[in-house]
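Heads up: the structure comes next, in structure tokens.
In the working numbering, the protein residues as written are 1064 to 1728.
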């Protein structure tokens, strides 16, 4: 009896479970709460986290050599070293033609297994307690602001890339490497000669999953910079300085925006700041291991951008200044060791350039493939800087870039907010009241910022193309530290009648609130959640953001033969082109053709010799350039283009009058 009763109960419950499951499954099959796109994006996030975890665990192998003072410091330096090592590993595989998806997945899984003890130890460390303690109401307010900004930027990273330089070369280079399964590739994009440390990580991301992983890698460098700021400020000052510094760094609207793009700026900020951090640790302990770490980080910074060369020069100067008390011989040995190790770490990128182009610093200083005197002049545009147009503006550059600078315009092409310019000069008010040890640290930070600022200012005097605040971003972490320290130390001026610190803090919080509000409005306007949640297709999103350019590229991809070769004029973007597209990377293509081949007939002969089948003219871009009158496009050049169109080209597609696609006759 009991057995029959149990059997009936089991059957009844089983039928009920199947019934419930069937109804819910069929209902949500017909009424999908989300599309498959969500699941794809989840995989992007998983791959990104896996890469970061493996890279940090790889860097943790260094813990036996370095005396990290706390878990956060260990994570920061481990991530710096691990990401650098992963980039160099990817670079090495590319040199021997091993850019294959299956191989990278195998390597990632193999590294995860080998590094499991490090991963487990890191997880145990993070479980021990918060690595970013707040403590006070003000710190919690700053943490809420940072969390809000980081969440918004994270979701903006989950949409298809549309940023300009990403499409010109930061993602185009990895795409070309993947197509060839190796590097370097033979194409006239001068930017491919730039040190590619981050592009190698983007390449790994594209191999493992896609370009969203690349965007998240750059985002991660911004987050790591915040952690490095906190670790440094907590070690040398206090938690209040740490939270102020982090919030001020992410109060810079353009920097926050760039953190969502597949760019390299945040990687350079991170490596420059951690190199300064290692310098301070070396000055504390005079331990050669920290000198080694500083050199490695400087070498990694030189793998991100050529302009970072000013950093090891500056740090070598600081070593010389501090080394006087130890004698000339010891100081010289330290500088020599530091310099040689820096060069050794940076050398792979420069050797690649030497063997592929004949110029280790391609395209600068020397000639090389696709490069000549005309293009060197065109790219640098020497003689157009402020020294030749408005020298007095050099004196007010910080004021101009703060007050007049606007992202996406010719006005310094960046919006940096008011906080840095407002707060940092106030440091002079408390300079005599702070301790000698803190004055030394702040003084070195000021020296690094000053030298890089003067280096930038010299470039601005020479070329109008360098009047960009973004070229100063590498020192913004140090500037944020200086600003955060200044706000905290203004307490030294507090009197019963008035607290300057309270006033400055209140204004700072107001600026942060307005920045958070602006970020929210921009997020709503951009609407990345429509794509992330599957309510908008990739094609729709890209058309909405890239307009006629994207629809033109789609036409090329769908209607031209796979063997077609398309020369772009006045259009440098080619990332979404699935044919053999030759972009006009520095907008000099036609001018260079007239320089070399003089007339329409000579240009047409060249195009036929090179196997070019089509030509894409960005008519609107040409009209904007002619109106601006900065590029020296002459009436003779326009007449040559018209003759080429009339006699040697056949129009096969007109995209709204903006893009004209021709076939060579």
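All C-beta atoms in this analysis are idealised placements derived from N, C-alpha and C, irrespective of residue type, glycine included. Everything numeric in this text was worked out from a predicted model, so none of it was measured.
Looking only at C-alpha atoms, which of the options sits nearest to residue i?
{"i": "residue 1360", "options": "1340, 1071, 1262", "result": "1340"}
{"i": "residue 1113", "options": "1170, 1563, 1299", "result": "1170"}
{"i": "residue 1706", "options": "1696, 1666, 1681, 1475", "result": "1666"}
{"i": "residue 1177", "options": "1123, 1158, 1533, 1219", "result": "1123"}
{"i": "residue 1141", "options": "1356, 1261, 1348", "result": "1356"}
{"i": "residue 1278", "options": "1108, 1381, 1663", "result": "1108"}
{"i": "residue 1552", "options": "1372, 1653, 1565", "result": "1565"}
{"i": "residue 1641", "options": "1206, 1235, 1213", "result": "1235"}
{"i": "residue 1585", "options": "1320, 1203, 1248, 1129", "result": "1320"}
{"i": "residue 1494", "options": "1555, 1456, 1470, 1468", "result": "1555"}
{"i": "residue 1403", "options": "1443, 1424, 1358, 1373", "result": "1358"}
{"i": "residue 1104", "options": "1591, 1716, 1372", "result": "1591"}
{"i": "residue 1631", "options": "1469, 1330, 1723", "result": "1723"}
{"i": "residue 1206", "options": "1187, 1579, 1647, 1587", "result": "1579"}
CB residue i to CB residue j, shorter than 9 Å?
{"i": "residue 1312", "j": "residue 1342", "result": "no"}
{"i": "residue 1434", "j": "residue 1253", "result": "yes"}
{"i": "residue 1231", "j": "residue 1635", "result": "yes"}
{"i": "residue 1280", "j": "residue 1224", "result": "no"}
{"i": "residue 1400", "j": "residue 1354", "result": "yes"}
{"i": "residue 1154", "j": "residue 1411", "result": "yes"}
{"i": "residue 1118", "j": "residue 1332", "result": "no"}
{"i": "residue 1369", "j": "residue 1259", "result": "no"}
{"i": "residue 1465", "j": "residue 1484", "result": "yes"}
{"i": "residue 1563", "j": "residue 1490", "result": "no"}
{"i": "residue 1613", "j": "residue 1594", "result": "no"}
{"i": "residue 1270", "j": "residue 1427", "result": "no"}
{"i": "residue 1289", "j": "residue 1146", "result": "no"}
{"i": "residue 1285", "j": "residue 1150", "result": "no"}
{"i": "residue 1515", "j": "residue 1381", "result": "no"}
{"i": "residue 1132", "j": "residue 1349", "result": "no"}
{"i": "residue 1574", "j": "residue 1469", "result": "no"}
Can you grab the Cα-Cα spacing for the pair residue i / residue j, in whole Å?
{"i": "residue 1087", "j": "residue 1596", "result": "21 Å"}
{"i": "residue 1537", "j": "residue 1703", "result": "43 Å"}
{"i": "residue 1487", "j": "residue 1543", "result": "9 Å"}
{"i": "residue 1517", "j": "residue 1304", "result": "27 Å"}
{"i": "residue 1085", "j": "residue 1079", "result": "10 Å"}
{"i": "residue 1686", "j": "residue 1721", "result": "10 Å"}
{"i": "residue 1246", "j": "residue 1194", "result": "40 Å"}
{"i": "residue 1651", "j": "residue 1477", "result": "25 Å"}
{"i": "residue 1446", "j": "residue 1524", "result": "8 Å"}
{"i": "residue 1474", "j": "residue 1179", "result": "49 Å"}
{"i": "residue 1719", "j": "residue 1598", "result": "27 Å"}
{"i": "residue 1429", "j": "residue 1420", "result": "10 Å"}
{"i": "residue 1654", "j": "residue 1683", "result": "17 Å"}
{"i": "residue 1315", "j": "residue 1208", "result": "13 Å"}
{"i": "residue 1432", "j": "residue 1502", "result": "49 Å"}
{"i": "residue 1233", "j": "residue 1325", "result": "7 Å"}
{"i": "residue 1649", "j": "residue 1692", "result": "16 Å"}
{"i": "residue 1136", "j": "residue 1294", "result": "6 Å"}
{"i": "residue 1064", "j": "residue 1070", "result": "A caution first: residue 1064 carries a pLDDT of 49, below 50, which makes its placement in the model unreliable, though a value can still be read off. Taking the straight line joining both Cα atoms gives about 10 Å."}
{"i": "residue 1513", "j": "residue 1604", "result": "42 Å"}
{"i": "residue 1317", "j": "residue 1533", "result": "8 Å"}
{"i": "residue 1608", "j": "residue 1227", "result": "11 Å"}
{"i": "residue 1571", "j": "residue 1582", "result": "16 Å"}
{"i": "residue 1076", "j": "residue 1068", "result": "12 Å"}
{"i": "residue 1251", "j": "residue 1438", "result": "12 Å"}
{"i": "residue 1496", "j": "residue 1391", "result": "33 Å"}
{"i": "residue 1323", "j": "residue 1680", "result": "30 Å"}
{"i": "residue 1479", "j": "residue 1690", "result": "29 Å"}
Kindly give me the distance between the Cβ atoms of residue i and residue j, rounded to whole angstroms, as I take these residues to be in contact under 8 Å.
{"i": "residue 1240", "j": "residue 1157", "result": "6 Å"}
{"i": "residue 1676", "j": "residue 1727", "result": "6 Å"}
{"i": "residue 1106", "j": "residue 1272", "result": "6 Å"}
{"i": "residue 1725", "j": "residue 1670", "result": "No, residue 1725 and residue 1670 are not in contact; Cβ-Cβ is about 10 Å, not under 8 Å."}
{"i": "residue 1296", "j": "residue 1547", "result": "7 Å"}
{"i": "residue 1449", "j": "residue 1456", "result": "5 Å"}
{"i": "residue 1688", "j": "residue 1633", "result": "7 Å"}
{"i": "residue 1139", "j": "residue 1287", "result": "6 Å"}
In chain order, which alpha helix (DSSP H) runs of at least 4 residues are fully inside the stretch 1574 to 1640?
-> Entirely contained in the stretch 1574 to 1640, the alpha helix (DSSP H) runs reaching 4 residues are, in chain order, 1591 to 1595, 1601 to 1609, 1611 to 1622.
Curious, which full-length alpha helix (DSSP H) runs of at least 4 residues does the stretch 1498 to 1543 contain?
-> Counting whole runs of 4 or more residues, the stretch 1498 to 1543 contains the alpha helix (DSSP H) stretches 1499 to 1525.
Within the stretch 1221 to 1262, ranges of the beta strand (DSSP E) (whole runs, at least 3 residues) = None, since the stretch 1221 to 1262 contains no complete beta strand (DSSP E) of that length.
Taking only runs of the beta strand (DSSP E) that begin and end inside the stretch 1438 to 1489, which ones reach a length of at least 3 residues, in chain order?
-> DSSP runs (the beta strand (DSSP E)) wholly in the stretch 1438 to 1489: none.
Alpha helix (DSSP H) segments (min. 4 residues) lying fully within the stretch 1090 to 1136 = Here the runs fully enclosed are 1099 to 1122.
Quick one: complete beta strand (DSSP E) runs, 3+ long, within the stretch 1278 to 1302?
-> Qualifying beta strand (DSSP E) stretches: none in this window.
Note down, one range per segment and in chain order, each alpha helix (DSSP H) of at least 4 residues found wholly within the stretch 1332 to 1379.
-> Within the stretch 1332 to 1379, the complete alpha helix (DSSP H) runs of at least 4 residues are 1351 to 1364.
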